[in-house]
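Protein chains in written order, with our numbering: chain A, 63 to 475; chain B, 9 to 427. Even for Gly, the Cβ is constructed at its ideal location relative to N, Cα and C. See structure below.
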Ligand SMILES: Cc1cc2nc3c(=O)[nH]c(=O)nc-3n(C[C@H](O)[C@H](O)[C@H](O)COP(=O)(O)OP(=O)(O)OC[C@H]3O[C@@H](n4cnc5c(N)ncnc54)[C@H](O)[C@@H]3O)c2cc1C
Ligand code: SF4
Ligand code: SF4
């Protein structure tokens, strides 16, 4: 089976590469062994939140002080700055609307009631300019009875710090009785499916209006619009005061919707998305990757002119660590990281853990190496790259989106 | 660096330890979406397995609500064999005895033999409203169900009478696992397959004796019988694949999925020797075309707008690309892909009265998509999906092989390799 480009991994990176390339007319395939980290998406894409222990105000400016080995430095800050305007446009063409700019972080309220700096926030959520103030003084925190994945007490405590007076109210509706019968399944995605399917929204909005009488703002878990777009918007239009949605425990409803819409966009552009298939191996000859093999297609090889590895970090098994080994499991690519397992961990859990920086090694054009030699047509993008502790510095989605756009540009040259 | 093979460490026979409790599988389970009585893939699969290992009494009969569609497995980021875990738990722990109705539904070949013999009588009778009401009341087969018609002459009989002899004129050969549906209900599909394979230069042979793949026996808890039939089929496949060097192809995605994956995973029947060369006809043809060994020529006047539905087992196999690629090769085909969603029938599941509502609820988004499209017909690789879609929408359903057969210019195709 022959494509122009094949992408290994169908998460945020793989889909971004795929969409960009398909928009330029490339015949692309994405192979993904399972659903990706977007399912745990908080609702905000981070570009750079902290550097050297300091909170970042202007991510583009602060990038200058990152190590030369950091993916942003390797892409080049000028390029990053340009691609950071392109990224939200690409997302918007897929039907995903985001708020935010790369030169100034805004804030989102976390489910712990804390203001966290971020880059792009999906339109379900409310962006804040000021981290020290909450614009309203009296908040009604509403939750579905029996829904344990939304920790209202944490939110209430968090809001106290902003001198916000709040009241928690749980309520029941007959539309949710059925899912409540099954306690392990009273989850955000199942609540969202009820809103997706039926006419629950009208009654729900009325209820919200009743319960929030006398309050200035309503706080609700983000459980609106899983397979259907615009439910959150419709709700906000029906409620007679501002609605602030906060993420519930994953899987995340806006995250899954994002994954679905990105995949749809890729497929609408003619891309082929193989889900539930695992790339096992490849044929490398004369420093070129000629074809890859997967579980499902067995002897039928998948060929392309160029390949992109976007297989994610440890969580998605893009790289694997066993007790004594650190390796890239598909092609045995060179790893950027210590092979000495004593150096993987810092004994202090909250310190910057060395292993979090590990990833697949690349040349200056983001091409993979094997045994020290560049594989000319195999590019690497997203969290499978090393060089950053995305969790610590708050750069996860930024690295995924922007290295992917950069790599796609290299391929299109 | 040497390539390391990534093999997760498991203590159990199945891999429930790989579960990280992310709950992604529960998002994509079609049953959970419409029936809250079902505990869902995570709870029924890896979570329940932990409990059942401690004490089998934790087994919950609600697990029979699982359709075994495997959509949870396709979504799981950690490769947990959730569907297998659930089916194995049912096999091991269920105390429910199959009912008469389950036996009738499960024994597709015995019932098929009888029914096709008396097809002129059986077809009108099972179509009668009062009869359907009785089946509903006594057998708990939902009265909305329209039984697939039985053919007067079985495919095997037709083959022996009219097709067998000339198959030896070809240089290359395959065996065909036709399955119950082609044999008893829709021999035309088998005839279409022979037409295409012959045009491609292959003689088509039947296995020494094929038995029903047993998928319905497994889902109805008739495991001993299923295992016996599985052993028989593996031997028959071996005779063809290992003995005669003839690969086995099929037109039923469910039969081939069962033989390749459910035999070893659920029945413990080993099939390594035959697995790689047992596949769908569309995959076989695709490989030939992809490697340049075959070229199909199509009629100029064939013009149709077709929507393809991905059956659950095709989603799991990852093979719909073969069928859709072949369809897209036909110049006159205006192709559209339906969103991959379960149709709700899941073999015999949807025939049961207690499942009727769940089945139709599961299928509804797909039906709406189909009814909202302006296609001439729907294409799909699974016969039970065909029944379900034809019963629940306004559109007819065709198998990709039958579509290819209708569009193929046989003479022009044969000329290419004869020259
Ligand atoms: C739980 C979690 C939550 C996060 N939340 C946020 C957040 O809210 N905001 C933020 O900015 N960042 C977040 N991040 C950071 C995250 O790393 C990035 O945002 C981004 O989603 C990573 O995308 P990716 O495409 O590089 O990798 P992934 O999303 O991990 O995707 C990799 C894909 O490759 C597939 N794959 C791997 N190996 C193979 C193979 N051999 N064959 C076929 N397919 C293969 C996997 O199945 C997977 O689908 C989070 C990360 C995690 C792990
Ligand atoms: S998707 Fe897989 S890992 Fe996640 S809960 Fe389900 S079985 Fe476990
Ligand atoms: S096999 Fe299908 S029905 Fe059964 S748990 Fe998985 S997704 Fe649900």
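Over the uninterrupted alpha helix (DSSP H) stretch that includes residue i, give me the two end residues.
i: residue 269(A); result: 262-273
i: residue 393(B); result: 391-400
i: residue 415(B); result: 408-415
i: residue 264(B); result: 261-265
i: residue 219(A); result: 214-222
i: residue 330(B); result: 328-337
i: residue 64(A); result: That residue, residue 64(A), is in no alpha helix (DSSP H); its beta strand (DSSP E) goes 64-70.
i: residue 311(A); result: No alpha helix (DSSP H) holds residue 311(A); DSSP gives it neither H nor E.
i: residue 94(B); result: 90-101
i: residue 256(B); result: Careful: residue 256(B) lies outside any alpha helix (DSSP H), inside the beta strand (DSSP E) at 256-258.
i: residue 269(B); result: Per DSSP, residue 269(B) belongs to no alpha helix (DSSP H) and is neither H nor E.
i: residue 133(A); result: 133-137
i: residue 474(A); result: 458-474
i: residue 174(A); result: Looking at the DSSP string, residue 174(A) is not in any alpha helix (DSSP H), and its letter there is neither H nor E.
i: residue 426(B); result: 418-426
i: residue 169(B); result: Where residue 169(B) is concerned, there is no enclosing alpha helix (DSSP H), given that its DSSP letter is neither H nor E.
i: residue 217(B); result: Here residue 217(B) belongs to no alpha helix (DSSP H), and DSSP marks it neither H nor E.
i: residue 242(A); result: 239-242
i: residue 31(B); result: That residue, residue 31(B), is in no alpha helix (DSSP H); it is neither H nor E in DSSP.
i: residue 79(A); result: 74-85
What residue does the beta strand (DSSP E) around residue i start on, and which one ends it?
i: residue 344(B); result: 341-345
i: residue 322(B); result: No beta strand (DSSP E) contains residue 322(B), which is instead part of the alpha helix (DSSP H) from 320-325.
i: residue 205(A); result: 200-206
i: residue 436(A); result: 435-442
i: residue 211(B); result: 210-214
i: residue 168(A); result: 168-171
i: residue 431(A); result: 429-432
i: residue 181(B); result: 180-185
i: residue 288(B); result: 286-288
Per DSSP, residue i forms a beta bridge with which residues?
i: residue 112(A); result: 117(A)
i: residue 150(A); result: DSSP lists no partner for residue 150(A).
i: residue 387(B); result: 316(B), 406(B)
i: residue 306(A); result: 281(A)
i: residue 232(A); result: 205(A)
i: residue 179(A); result: 169(A)
i: residue 160(A); result: 184(A)
i: residue 92(A); result: 69(A), 335(A)
i: residue 243(B); result: None, per the DSSP bridge assignment.
i: residue 424(A); result: 430(A)
i: residue 106(A); result: 183(A)
i: residue 447(A); result: 422(A)
i: residue 227(A); result: 200(A)
i: residue 306(B); result: 416(B)
Note down, in chain order, every chain B residue with its Cβ under 7 angstroms from the Cβ of residue i.
i: residue 339(A); result: 326
i: residue 63(A); result: 298
i: residue 240(A); result: 44
i: residue 378(A); result: 85
i: residue 92(A); result: Near residue 92(A) there are no residues of chain B at all, since even the closest Cβ is about 12 angstroms away, more than 7 angstroms.
Can you list the residues of chain B that residue i reaches, using a CB-CB cut of under 8 angstroms?
i: residue 114(A); result: What residue 114(A) touches in chain B: nothing, since even the nearest Cβ is about 32 angstroms away.
i: residue 358(A); result: 325, 326, 327
i: residue 435(A); result: Those do not exist, as residue 435(A) stays about 12 angstroms from chain B at its closest Cβ, beyond 8 angstroms.
i: residue 255(A); result: 41
I want to verify the contact list: residues of chain B whose CB lies under 9 angstroms from the CB of residue i, in sequence order.
i: residue 313(A); result: 30, 31, 32, 34, 35
i: residue 318(A); result: 32, 35
i: residue 213(A); result: Within chain B, no residue comes near residue 213(A); the closest Cβ sits about 17 angstroms away, beyond 9 angstroms.
Residues of chain A with a CB under 8 angstroms from the CB of residue i: which are they?
i: residue 83(B); result: 96, 97, 337, 338
For a contact defined as C-beta to C-beta under 9 angstroms, what are the partners of residue i on chain A?
i: residue 389(B); result: Near residue 389(B) there are no residues of chain A at all, since even the closest Cβ is about 15 angstroms away, more than 9 angstroms.
i: residue 295(B); result: 361, 362
i: residue 284(B); result: 360, 361
Residues of chain A with a CB under 7 angstroms from the CB of residue i: which are they?
i: residue 40(B); result: 247
Uninterrupted alpha helix (DSSP H) stretches inside the region 35-82 of chain B (no shorter than 4 residues): Fully contained in the region 35-82 of chain B are the following alpha helix (DSSP H) runs of length 4 or more, in chain order: 38-42, 56-62.
For a minimum of 3 consecutive residues, which ranges assigned as the beta strand (DSSP E) are wholly contained in the region 343-418 of chain A? Within the region 343-418 of chain A, the beta strand (DSSP E) runs of at least 3 residues that lie entirely inside it are, in chain order, 350-356, 364-371.
Give, in chain order, every unbroken run of the beta strand (DSSP E) that is at least 3 residues long and sits entirely within the region 269-304 of chain A. As far as the region 269-304 of chain A is concerned, its whole beta strand (DSSP E) runs of at least 3 residues are 279-283.
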